[in-house]
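Per our numbering, residue 994 is the first one in the sequence shown, and the count goes up by one each step.
Where a beta carbon is used, it is the ideal one built from N, C-alpha and C, also for glycine.
This one's a predicted model, so the numbers in the text were calculated from it and none came from an experiment.
Below is one structure, written out as structure tokens; comments come after it.
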Amino acid sequence: MKKIFFMTLSMVLLCGCMKDDGISNYSLGSSHFVPYPTNPKKEFSNSSATQNDLLTSLNTRNEKQVSEYISYRLNEWDDFNPNIGKDISKLDIADAALWLTDVNKTETEIQEEFIDKEDLFHMAVYVIDNRLDRCFNSGINSVKCFINWRDDYSEDFNEIADEIKTNAVLITANNALIKELNNEQLKFTINEDGLITGITLIDGTLDEEENFLFKEGDKNFVYIDKIDSETNTYDKKILTYSSVGKEIGLTYSDFGSYTVKTEVYDLDKQDVLTSDLEKSSLFAGGYEAYKMSEDKIKDSISSDIDFSGIAVGRVTNSEGKEFTTFDNNAKLSFSKYTGESNFFVNFNNWYTVSVSKDMNATEADISFYNYMGLSDFKLPDDVTSGKANMEVGYYGANPETGIPTEATGLIQFSDPSGINLGVTFGVN
């Protein structure tokens, strides 16, 4: 109570806010307390997003999910602002709220953006914090009130800004371009609720597709093939998608591995008769809309960019033997001056490997150091370097800035001795 009476009149008229909770519950122009809108008491629940997050690092929200989130943030709106904004779509409110999450927006920029769109501004600010409804009381400069709160309560603002960027961006996993080492692509299928329900394998070389349109568990996709009525068995193909990108918190890209196996299932015995692995590969990729060119990056950054993350390597030899190796502290750098991408990985049960490619190139120089593995997978003594294929995708929330926040990539190397290396990696 005492805090209110010690506030100067000018402070009250400027923003109607207090340092204790961010917004005063003291009604301007009155001498008593009145209720005001409150933020939602529970966290937003989105079952499709929760399930998708178990599968992939790719942030994915469709129109229905975004609209549901905005409805959730408009807590008590109709009680305090009846009949205002009935004709404004939830997606327009989402776009406006996202625009306002930029902490650098000035008073002039906000006024120009929302000229003749006062109700949209009101609803977008309300989505950010319901208590800011007080900024729209008569006689208050609502833009200045919002900016004062944003700047005075930067921690609160940044927290809700991150939440809005996660839940209000219209972006769906079926638009991601995921490539793998065997010249195929993986494409997600989503339903009307935004849930990832299937994966299609696309062989660009043969123009063929395999559709796994039934999701089973967190990361398995299946289809039933060759039902045999005489033996009462069927073939069940299972694609298992294993994301590593979600382990390091990627948002606009993903990387990892997948397998395809075929099971013969006996309906009488209710049991699997045989299980054969058909395919195993590494993948990496992401949203083209959030990807930026290496030319743009070179022109935009002021110094080298350094990333760190995880690399997964798969090594095979001439006898068809194979093993998988990891590095949880792989490094990727982008040179401001040359545009080169330089990758460094220490596979502690194989080689330390460095790979460097020129800007916009796919051919790369690869070098091997300090072998610590089994003799079956050792390169000939005179092979310490060579040429590899390297593809890197740089991604970020604002690709127009040319400053990436994450990257994923694939590397392939083959030696005449029969030693082959495939690498997928993700960094941020």
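Buried or exposed by the 16-neighbour rule on C-beta atoms within 10 Å, applied to residue i
i	result
Met1365	exposed
Pro1373	exposed
Lys1262	exposed
Tyr1330	exposed
Met994	Only weak support exists for where Met994 lies, its pLDDT of 34 falling under 50; the coordinates are left without a value.
Val1096	exposed
Ser1222	exposed
Pro1392	buried
Glu1287	buried
Leu1194	buried
Ser1236	buried
Ser1017	Since pLDDT at Ser1017 reaches only 49, below the 50 mark, its modelled position is unreliable, and no value is offered.
Gly1415	buried
Phe1418	buried
Gly1197	exposed
Pro1397	buried
Thr1049	buried
Ile1220	exposed
Lys1035	exposed
Asn1160	buried
Leu1206	exposed
Thr1401	buried
Ser1296	exposed
Asp1211	exposed
Gly1187	buried
Cut-off 6 Å between Cβ atoms - residues of its own chain near residue i, not counting five sequence neighbours on either side
i	result
His1115	Phe1129
Ser1311	Gly1411
Asp1259	Thr1226 and Leu1266
Phe1107	Phe1114
Thr1165	Thr1053, Asn1055 and Ile1183
Glu1240	none
Met1352	Glu1287 and Gly1332
Tyr1234	Lys1212 and Tyr1251
Unbroken beta strand (DSSP E) run spanning residue i, endpoints
i	result
Asn1213	Asn1213 to Asp1221
Gln1405	Glu1399 to Ser1407
Asn1413	Asn1413 to Val1420
Phe1433	Missing from the structure shown is residue 1433; the chain here goes from 994 to 1421 and no further.
Ala1169	Ala1169 to Glu1173
Thr1193	Ile1189 to Asp1196
Range covered by the alpha helix (DSSP H) that runs through residue i
i	result
Met1116	Glu1111 to Ile1121
Gln979	A query on residue 979 cannot be resolved here, the shown segment of the chain reaching from 994 to 1421 and no further.
Ile1063	Glu1056 to Arg1066
Ile1153	Ser1147 to Asn1160
Thr1255	Unbroken run through Thr1255 is the beta strand (DSSP E), Ser1246 to Asp1259; no alpha helix (DSSP H).
Ser1273	Ser1273 -> not in any alpha helix (DSSP H); beta strand (DSSP E) instead, spanning Asp1264 to Tyr1280.
Ala1089	Lys1083 to Leu1093
Thr1101	Glu1100 to Glu1106
Ser1041	Ser1040 to Leu1048
Lys1289	Glu1287 to Ser1293
Asp1228	No alpha helix (DSSP H) holds Asp1228; the beta strand (DSSP E) holding it covers Thr1226 to Ser1236.
Asp1297	Asp1297 -> no alpha helix (DSSP H), and no H or E assigned at all.
Asp1071	Trp1070 to Phe1073
C-alpha distance - residue i paired with residue j, whole-angstrom precision
i	j	result
Ala1381	Glu1356	6 Å
Lys1314	Leu1367	12 Å
Glu1256	Tyr1216	11 Å
Lys1291	Ile1359	22 Å
Lys1079	Ser1293	42 Å
Lys1340	Asn1175	Checking the sequence shown, residue 1340 turns out to be Phe, not Lys. If I take the Cα positions, the gap works out to 22 Å.
Tyr1019	Gly1389	Its pLDDT being 41, under 50, Tyr1019 is placed unreliably by the model, and nothing is read from it.
Ser1024	Trp1092	Confidence at Ser1024 is low in this model, with a pLDDT of 46, below 50, so its placement is unreliable and the value that follows should be read with caution. If I take the Cα positions, the gap works out to 36 Å.
Asp1144	Val1348	44 Å
Ile1077	Thr1094	23 Å
Ile1153	Ile1121	7 Å
Lys1350	Leu1179	25 Å
Gly1386	Trp1142	38 Å
Phe1213	Ile1192	Sequence inspection shows Asn at residue 1213; the Phe mentioned does not correspond to that position. If I take the Cα positions, the gap works out to 10 Å.
Val1005	Pro1075	Because the pLDDT at Val1005 is just 38, under 50, the model does not fix this residue reliably, and the point stays unresolved.
Ile1189	Asn1134	44 Å
Lys1229	Asp1218	6 Å
Thr1043	Asp1369	43 Å
Val1059	Lys1083	8 Å
Asp1046	Ala1282	20 Å
Sequence-distant residues of its chain with Cβ nearer than 8 Å to residue i (five each side left out)
i	result
Phe1361	Tyr1344, Thr1345, Val1346, Leu1372, Val1376, Thr1377 and Ser1378
Glu1069	Pro1030, Thr1031 and Asn1123
Asp1014	Any reading at Asp1014 needs caution, since the residue's pLDDT is 43, under 50, leaving its predicted position unreliable; the model's value is listed next. Arg1124.
Ile1081	Asp1112, Leu1113 and Met1116
Any chain B beta carbon closer than 9 Å to residue i
i	result
Asn1341	No chain B is present in this structure, which holds just one protein chain.
Cβ-based neighbour list, residue i, same chain, cut-off 7 Å, excluding 5 preceding and 5 following
i	result
Thr1309	Glu1315 and Asn1413
Asp1269	Lys1254 and Thr1255
Glu1100	Val1136, Lys1137 and Ile1140
Heavy atom of the ligand GDP within 8 Å of residue i beta-carbon
i	result
Val1416	No copy of the ligand GDP occurs in the structure displayed, which carries no ligand at all.
Practice problem: Would you list, in sequence order, the uninterrupted beta strand (DSSP E) runs of no fewer than 3 residues that lie entirely inside the stretch 1363–1403? | Solution: 1378–1388
Self-check item: Runs of alpha helix (DSSP H) lying entirely within the stretch 1300–1360, each at least 4 residues, in chain order
Solution: none
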